[in-house]
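Trainee: Numbering (this note's numbering), first residue to last: 22 to 264.
Even glycine gets a Cβ: it sits at the ideal position worked out from N, Cα and C.
A quick note: this is a predicted structure, and the numbers were derived from the prediction, not measured.
Shown below is the structure under consideration.
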Ligand SMILES: CC(C)(COP(=O)(O)OP(=O)(O)OC[C@H]1O[C@@H](n2cnc3c(N)ncnc32)[C@H](O)[C@@H]1OP(=O)(O)O)[C@@H](O)C(=O)NCCC(=O)NCCS
C-alpha cells in the first residue's frame, strides 16, 4: 500500500518539504509528565529480547505477529533483526527486566524512489506493565528517532481488533486504513529540527545514565544482602558458642 502523501500545502522554505504539524505528544497520565527511560538495544540484547517476546501469552503473540508465533518462530524473528539497519528500543523495570520492546524495521535499501523513505513499527509490552503509557511512549520515541533519520513515513500493520495499538497510532495523528480483520496505520513524519535532534540526544543520554544508576543500585543491594547474610551467620555462630 502506498504511503499517505503529505497533506499540507505550505512548504518549508529551507527544506522545500511540506510543513507538517508536530506529532501529537502522548497525553500525560493524570496530567503529570512522567519521564520513561527508553534505551536503544544493541545486538548483545538479542537473548533478552527473545526472552521478553517468549514471555508474551499466546493472545499477545497473535496481536504482535499476526499469528500465534511459537517460541522457535520468535527466536528466528529475533535472529533476523539487523541491528545495523534497524533500531530496537527497550524499557526496563527496577529489577532491570525488559518489560517493553519496540522494533523499528527500516525497509531494505534501495528504497523505491517513487515512495518516501519508510519504517515499520512493532511493539510489545508485558501484560504486567500495561496501561502505564509505555506503548505510547515507545511509539513517540520511535517517531522522534525516525524523523531524525529523514524518514518520511512510519507504518504499522495491526489486526483491526488491536484497539490499544490503533489508539496509539490514531492519538499520534496516523491515518488508519482498515481492510477486514487487518489494518494499516500510516503516519507522515515532519522533518527533523535542531530541537528534535537535541531531544533525542538528551533522552538517550539520560536513559543510559539512569540505567547505570539502577545497575549500581542493584549491585549495592546484592552487596548489602550478602553483608547481612554474613552478619546473621556470625551472630548465629556467636550465640551457639556462648551456650
Ligand atoms: C499494544 C500495546 C503495546 C499497548 O501497550 P500499553 O503500554 O498498555 O499502552 P499504553 O498504556 O501506552 O496505552 C496507549 C493507549 O491505548 C489505550 N489502551 C491500552 N490498552 C487498551 C485496551 N486493552 N483496549 C482499549 N484501549 C487500550 C490506552 O487507554 C491509551 O490510550 P489513551 O492514551 O488515549 O488513554 C500492548 O497492549 C501489547 O503489547 N499488546 C500485545 C502486542 C501488540 O499488540 N503489539 C502491537 C502490534 S505491532
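1. Shorter than 6 Å, the distance from the beta carbon of residue 188 to the closest heavy atom of ligand 1, or not?
2. Taking the C-alpha atoms as reference points, what is the distance between residue 210 and residue 204?
3. So for residue 227, helix, strand or coil by DSSP?
4. Buried or exposed for residue 207, going by 16 or more other Cβ atoms inside 10 Å?
5. Does ligand 1 have a heavy atom nearer than 6 Å to the CB of residue 213?
6. Taking just the CA atoms, how far does residue 248 sit from residue 261?
7. Should residue 147 be labelled buried (16 or more other beta-carbon atoms within 10 Å of its own) or exposed?
8. Are at least three pairs of beta-carbons, each pair with one atom in the stretch 181 to 197 and one in the stretch 226 to 242, less than 8 Å apart?
9. Taking the beta strand (DSSP E) that residue 177 belongs to, which residues open and close that run?
10. Which residues mark the beginning and the end of the beta strand (DSSP E) in which residue 143 is found?
11. Find out if the Cβ-Cβ distance for the pair residue 138, residue 173 is shorter than 7 Å.
12. Alpha carbon to alpha carbon, how far is residue 221 from residue 165? Give it in angstroms, no decimals.
13. Let me know if residue 219 comes out buried or exposed under the rule of 16 or more other beta-carbons within 10 Å of its beta-carbon.
14. Expressed to the nearest angstrom, what Euclidean distance is found between the alpha-carbon atoms of residue 151 and residue 225?
15. If you count every other CB in all the chains shown that lies within 10 Å of the CB of residue 186, and 16 or more means buried, which is it?
16. In terms of alpha-carbon separation, which member of 109, 170 and 103 lies closest to residue 70?
17. Considering only the beta carbon of each residue, do residue 167 and residue 189 sit closer than 7 Å?
18. Need the endpoints of the alpha helix (DSSP H) that residue 92 sits in, please.
19. Name the two residues that bound the continuous beta strand (DSSP E) containing residue 66.
20. Going by C-alpha to C-alpha distance, which of 104, 83 and 76 sits closest to residue 65?
21. With a threshold of 6 Å (Cβ to nearest heavy atom), would residue 183 be considered close to ligand 1?
22. With residue 85 and residue 154 assumed to form a contact (beta carbons below 8 Å), what rounded beta-carbon distance in angstroms separates them?
Mentor: This is what the structure holds:
1. At least one heavy atom of ligand 1 is nearer than 6 Å to the Cβ of residue 188, so yes.
2. Roughly 19 Å separates the two Cα atoms.
3. Helix.
4. When all chains shown are included, residue 207 counts as buried.
5. No, the Cβ of residue 213 stays beyond 6 Å of every heavy atom of ligand 1.
6. Near 20 Å, if we compare the C-alpha coordinates of residue 248 and residue 261.
7. By the neighbour-count rule (16 or more Cβ atoms within 10 Å), residue 147 is buried.
8. Output reads no: the stretch 226 to 242 does not touch the stretch 181 to 197.
9. Boundaries of the beta strand (DSSP E) around residue 177: 174 to 180.
10. Where residue 143 is concerned, the enclosing beta strand (DSSP E) starts and stops at 139 to 146.
11. Going by C-beta atoms, residue 138 is nearer than 7 Å to residue 173.
12. Roughly 7 Å between the two C-alpha positions.
13. Residue 219 counts as exposed, since fewer than 16 other C-beta atoms from the protein chains shown sit within 10 angstroms of its C-beta.
14. Distance from the CA atom of residue 151 to the CA atom of residue 225, rounded to whole angstroms, is 23 Å.
15. Result: buried.
16. The shortest C-alpha to C-alpha distance from residue 70 to any of 109, 170 and 103 is the one to 109.
17. Note that the C-beta distance between residue 167 and residue 189 is not below 7 Å.
18. Note, residue 92: alpha helix (DSSP H), 92 to 100.
19. From DSSP, residue 66 is part of no beta strand (DSSP E); its letter is neither H nor E.
20. The candidate whose alpha carbon is nearest that of residue 65 is 104.
21. Yes, the beta carbon of residue 183 sits closer than 6 Å to at least one heavy atom of ligand 1.
22. Their Cβ separation, rounded to whole angstroms, is 18 Å, which puts residue 85 and residue 154 out of contact at 8 Å.
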